[in-house]
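> Sharing a structure with you now.
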Amino acid sequence: LLMRPLLRTVAWQSATLQPTLTMLFHQLHNNSGFPRLHVLLSLLVSLPLATSFSLTMNSASSRSVVVVGGGIQGTSVAYHLAERGVKVTLLEAKAPASAASGKGGGFMARSWGDGGPTQRLHELAFDLYETMAPALGCETYRKLPVLSVSAGYRKGVSQAKKNAQLSSMLPNWLDGEEYGRIQPLGLGDDTAQITPSEFVNKMLEAQTDNIEVVLGSCTGM
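Numbering (our numbering), first residue to last: 61 to 281.
Take a look at the structure:
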């Protein structure tokens, strides 16, 4: 419901972006089974690709947007709207990033959606973190290699050390032989990590003039 007015008011200025947003608009209205969360997130990560666009809401200066939920998704919606001059009220029950967004590990992988319907979403979101994190002053963002380590006494560490690529990725604390197969899940160029609560709060700090956080509950629409 929140995104439908926004979808209608995006003025197409980019030939590349127009087909994507048109497709998302029809999928949202036709209820074709395409997950609505994918529609919402795909729209959010697609908006920065437009070379220019305008929100043509009637009396935009006198209207406001309410976003329900102050997790990383809700805050991202509020941030990107506020970045374009829209006044946003962010309604949160307890505190921003108080639930999963304040407790998750913040792991990201650019290529793990390859071949699936969310591949482009993975790629755009991963790239956005790389540019937004330093711009917002986040200190916890880092690219890092990722290993898959299975259990079992099969001399996994000894085998991994024979592989030049794996050997350079092994942490010092991964010792002994109480491990099974060890394989890379990411080499550090397409895997990264950030503390989600820091990212949420940095987005809010960057848009204090346009985002008002209100603690409370949504009782209806």
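Cβ coordinates follow ideal geometry from the N, Cα and C atoms, glycine included.
Along the chain, where does the beta strand (DSSP E) containing Gly134 start, and where does it finish?
Mapped onto the sequence shown, residue 134 falls at position 74. Careful: Gly134 lies outside any beta strand (DSSP E), inside the alpha helix (DSSP H) at 132-142.
> Between Leu150, Ser208, Glu190, which lies nearest to Cys198 when the distance is taken from Cα to Cα?
Sequence index remark: in the sequence shown, residue 198 carries index 138 (1-based). With distances taken between Cα atoms, Cys198 lies closest to Glu190.
> Ignoring anything shorter than 4 residues or poking outside the segment 235-268, list the alpha helix (DSSP H) runs there in chain order.
The segment 235-268 contains these whole alpha helix (DSSP H) runs: 256-266.
> Assuming Ala157 and Pro256 make a contact with CB atoms under 8 Å, what is their CB distance in whole Å?
By 1-based counting over the sequence shown, the position of residue 157 is 97. By 1-based counting over the sequence shown, the position of residue 256 is 196. Going by Cβ atoms, the distance from Ala157 to Pro256 rounds to 6 Å, so yes, they are a contact pair.
> Could you give the distance in angstroms between the alpha-carbon of Trp172 and the alpha-carbon of Met281?
Position 112 of the sequence shown, counted from the start, is the residue given in the question as residue 172. Position 221 of the sequence shown, counted from the start, is the residue given in the question as residue 281. Cα to Cα, Trp172 sits roughly 36 Å from Met281.
> Counting only the same chain and skipping the five closest in sequence on each side, list residues whose C-beta sits under 7 Å from that of Gly246.
One-based indexing of the sequence shown puts residue 246 at position 186. Cβ within range, chain order: Ala169, Pro205, Val206.
> So, are the CB atoms of Gly212 and Gly240 less than 8 Å apart?
Taking the first residue of the sequence shown as 1, we reach residue 212 at position 152. Taking the first residue of the sequence shown as 1, we reach residue 240 at position 180. For Gly212 and Gly240, yes; Cβs fall inside 8 Å.
> Just to confirm the assignment, what range does the beta strand (DSSP E) spanning Ala169 have?
Taking the sequence shown and counting its residues from 1, the one referred to as residue 169 is at position 109. 167-169 is the extent of the beta strand (DSSP E) around Ala169.
> So Ser228 is in the beta strand (DSSP E); what residue range does that whole segment cover?
Here residue 228 corresponds to residue number 168 of the sequence shown, with the count starting at 1. Unbroken run through Ser228 is the alpha helix (DSSP H), 224-229; no beta strand (DSSP E).
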